[in-house]
Amino acid sequence: MKRYRIRTRYLKKGHSHLLQGRRSIYRFIKENREVYSVEKMCEVLNVSSSCFYRWLVWPESPREQRSKALVDKIQQVHSDSKYIYGSPRITAELHKKGEMVSRSYVARLMKKHGIRSKVKKKYRVTTDSSHSYRIAENLLQRDFSADSLSQKWVSDITYIHTGKGWLYLTTVIDLADRKVIGWSLSTDMTTKNTSVQAIKMAIRNRGIKDGLIFHSDRGIQYACDEFKRVIVKNKILQSMSRKANCWDNAVAESFFKTLKAEMIYHRKFIDQQSAKLEIFGYIEGFYNTKRTHSALGYKTPKQIEEMLLEKEKMAA
318 MKRYRIRTRY LKKGHSHLLQ GRRSIYRFIK ENREVYSVEK MCEVLNVSSS
368 CFYRWLVWPE SPREQRSKAL VDKIQQVHSD SKYIYGSPRI TAELHKKGEM
418 VSRSYVARLM KKHGIRSKVK KKYRVTTDSS HSYRIAENLL QRDFSADSLS
468 QKWVSDITYI HTGKGWLYLT TVIDLADRKV IGWSLSTDMT TKNTSVQAIK
518 MAIRNRGIKD GLIFHSDRGI QYACDEFKRV IVKNKILQSM SRKANCWDNA
568 VAESFFKTLK AEMIYHRKFI DQQSAKLEIF GYIEGFYNTK RTHSALGYKT
618 PKQIEEMLLE KEKMAA
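The opening residue of the sequence shown carries number 318 in our numbering; numbering runs sequentially from there.
The following block contains the structure:
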């Protein structure tokens, strides 16, 4: 009897939080049938049990049907993004599919159905700038805009832990389309296997234009003579961040933050080879081709690249 009174009290308390309207009450009863008896809930919530049972077999309203269909689409976009996208990017993807819904509505549906973006973790930057090589002038000056390909490239190096040692990922990103156009994964921090390998891949993949700026931090892999020979040979203008100022290379560092939040922190790599395969898949199979960017108007690097190439073709 005591348990019965407690349950009745909780039902009455829950009633005060229900939305006004029969459908909301009926949905509450339906969702709690395994906990309380239908008859008792109907009594406490002041509705007819016969009306509730009739509601159960009634077809859903057009609004409810649309809401369910929209949740299915949200879940599909979320799944396609490898469970990374939050409400802003999901809303942008829905707009592309013709679903003109507000971000706040998408956010409410996501919260209601437990659809969440992966939690981001803090990223720690590590740069070895304790060397005597000449530091290049900061030509970029935090101007991360670019209206054509191979106008401005940015680069950085990060550390990735595996069960059998560290991997060092070096990337080169074109600011025009935010595409990773060159990268290397090595088991050591030698210039040959990090910055040199990455910039050579970028040159092969994208080509060079007059006035191309290559920006990085002051790390030894970018300041040493071996790397500078590649820069000079290809007539590239070298630019470096100010000392201990991560914001001067924000785009390059932001990529690593994204990579780690969306993939690295959710994996345990047993060895370097398994890590290489996963990172390759993320960069070439997802980031460059499928992942939308707020800085690109929620388009992918591939889409922007194609648009800029078409623009260059028409101008030629």
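Cβ atoms here follow ideal geometry from the backbone N, Cα and C, with glycine treated the same way.
Since this is a predicted model, take the numbers as computed values, not measurements.
Asked, Found
"Is it buried or exposed, serine 467, if we count other Cβ atoms within 10 angstroms and call 16 or more buried?", "buried"
"Using only alpha-carbon positions, find the residue among Ile474, Lys496, Gly499 that is nearest to serine 533.", "Ile474"
"DSSP on glycine 499, reduced to helix/strand/coil?", "strand"
"In the DSSP output, what is lysine 616 paired with across the bridge?", "His610"
"What are the complete alpha helix (DSSP H) segments, minimum 4 residues, inside the segment 546-613?", "567-579, 589-599"
"According to DSSP, which residues form a beta bridge with phenylalanine 531?", "Trp470, Gln555"
"Distance, Cα to Cα, threonine 289 vs threonine 511?", "This structure leaves residue 289 out entirely; the chain is present only between 318 and 633."
"Spatial neighbours of alanine 483 within its chain, please: C-beta separation below 8 Å, excluding the five flanking residues on both sides.", "Reading the sequence as shown, one finds tryptophan at residue 483 and not alanine. So the list reads Tyr476, Ile477, Thr504, once near-sequence residues are dropped."
"Reducing DSSP to helix, strand and coil, say where valine 364 ends up.", "coil"
"In chain order, what residues of the same chain have a beta carbon less than 8 Å from the beta carbon of cysteine 359, not counting five sequence neighbours either side?", "Ile346, Ser365, Ser366, Phe369"
"Name the DSSP beta bridge partners of aspartate 696, please?", "Since the first residue shown for the chain is 318 and the last is 633, residue 696 is missing from the structure and cannot be characterised."
"Please name the residue in Asn551, Ala569, Lys550 whose C-alpha comes closest to that of methionine 557.", "Ala569"
"Determine whether the Cβ of leucine 484 lies closer than 9 Å to any Cβ atom of chain D.", "Of the chains in the structure shown, none is chain D; there is only one protein chain."
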